[in-house]
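In our numbering, the protein residues as written are 6 to 303. Glycine included, C-beta positions come from ideal geometry on N, C-alpha and C.
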């Protein structure tokens with residue numbers, strides 16, 4: 006039996022083995038619980054994690070309650086807008102990410118004959134745009150891209166993603182970054198007669214700007230930015246959208262000028278040690294070619 010030892014800042018995570026995990030109380034449970042924990046922690050909720058794990062949201066909820074009971078720690082704050090990590094949850098996340106980084110090269114050896122895969126992390130709208138461009142700008146067939154759509158930052162330093170599209174220049178010394186475009190936002194609807202807003206429940210700058218702008222005005226709330234677009238295309242609401250999204254639809258009109266406080270530079274980020282791997286270089290070139298045309302994205 007292979008045992009992997011992991012240390013945590015407070016010492017409450019003791020030891021993990023390949024098939025079962027035993028803590029100081031010697032109570033066994035499956036590694037699969039930690040895999041599910043990772044998905045929920047990274048995606049911020051049960052519904053999103055259900056899509057990638059194949060488990061139902063109720064099953065995920067029960068598994069996380071059981072994990073918390075086994076550890077004797079609260080790992081999540083359960084809120085109406087999703088799951089956020091407690092201090093103990095962050096400790097466990099850091100430890101399990103470190104373990105995952107150690108195991109991944111072993112798993113890669115077992116599948117070395119398969120097509121190389123590169124994880125690309127970006128926000129909802131950039132991921133939506135990249136997926137839509139695959140037909141217009143095909144990717145090299147020797148490579149598989151895995152898109153990770155998340156409005157929080159995945160840790161490229163710990164290989165949660167290989168490539169990231171970020172809203173700011175990377176500050177970690179192990180990361181390389183290059184500016185690729187400027188993103189603008191404006192208000193869209195099918196006509197100026199539409200007064201009801203779509204409000205996204207998140208902590209992104211555009212979501213915060215809208216909440217500050219409309220105050221207590223009546224709105225339709227969504228947890229997914231894409232749903233705000235759907236409501237707007239249906240003629241029910243107006244929404245704050247990136248101009249490279251809103252301008253794609255002939256049925257939508259801009260109801261405002263570009264919003265200066267939401268304008269930002271985007272950066273293409275990768276790990277110094279990974280960026281010259283052939284498959285990563287192919288993916289970096291493709292993402293840069295697709296997103297680097299500022300005439301499209303502005």
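Could you name the residues of the same chain whose beta carbon sits closer than 8 Å to that of residue 280, not counting the 5 residues immediately before and after it, in chain order?
Around residue 280, the same chain offers 181, 286, 289 as residues with beta carbons nearer than 8 Å, after the five sequence neighbours per side are excluded.
How long is the line joining the alpha carbons of residue 160 and residue 166, rounded to whole angstroms?
Put simply, the backbone Cα of residue 160 is about 7 Å away from that of residue 166.
First and last residue of the beta strand (DSSP E) that includes residue 148?
Neither: residue 148 is in no beta strand (DSSP E) and is coded neither H nor E.
Among 83, 240, 39, 267, which has the Cα closest to the Cα of residue 199?
For the residues 83, 240, 39, 267, the minimum Cα distance to residue 199 belongs to 240.
Taking the runs of the beta strand (DSSP E) that are 3 residues or longer, which of them lie wholly in the segment 29-115?
Taking only runs of at least 3 residues, the beta strand (DSSP E) segments lying wholly in the segment 29-115 are 33-35, 81-84, 87-90.
Pairwise C-alpha distance: residue 150 and residue 207
So the alpha carbons of these two residues sit roughly 26 Å apart.
Own chain partners of residue 270 with C-beta closer than 7 Å, once the 5 adjacent residues on each side are dropped
Within the same chain, residue 270 has close Cβ partners 184, 187.
If you reduce the DSSP assignment to three classes, tell me which class residue 218 lands in.
Helix.
Should the segment 170-179 be regarded as contacting the segment 219-227, the criterion being three or more beta carbon pairs within less than 8 Å?
Cβ pair count under 8 Å is below three, so no.
Quick check on this structure: which residue in 272, 45, 253, 59 has the alpha carbon closest to the alpha carbon of residue 171?
The shortest Cα separation from residue 171 among 272, 45, 253, 59 belongs to 272.
How many Å lie between residue 43 and residue 277 at the Cα?
Put simply, the backbone Cα of residue 43 is about 25 Å away from that of residue 277.
DSSP state of residue 129 mapped onto helix, strand, coil:
Taken through DSSP and simplified to helix, strand or coil, residue 129 comes out as helix.
Given this structure, state the Cα-to-Cα distance separating residue 128 from residue 145, to the nearest angstrom.
Per the coordinates, the alpha-carbon of residue 128 lies some 23 Å from the alpha-carbon of residue 145.
May I ask whether a heavy atom of the ligand HEM can be found less than 7 Å away from the beta carbon of residue 56?
As presented, the structure is devoid of all ligands, the ligand HEM included, so that no description of it is given.
Can you tell me whether residue 174 is buried or exposed? The criterion is at least 16 other CB atoms within 10 Å of its CB, across all chains shown.
With a 10 Å radius around the Cβ and a threshold of 16 neighbouring Cβ atoms, residue 174 comes out exposed.
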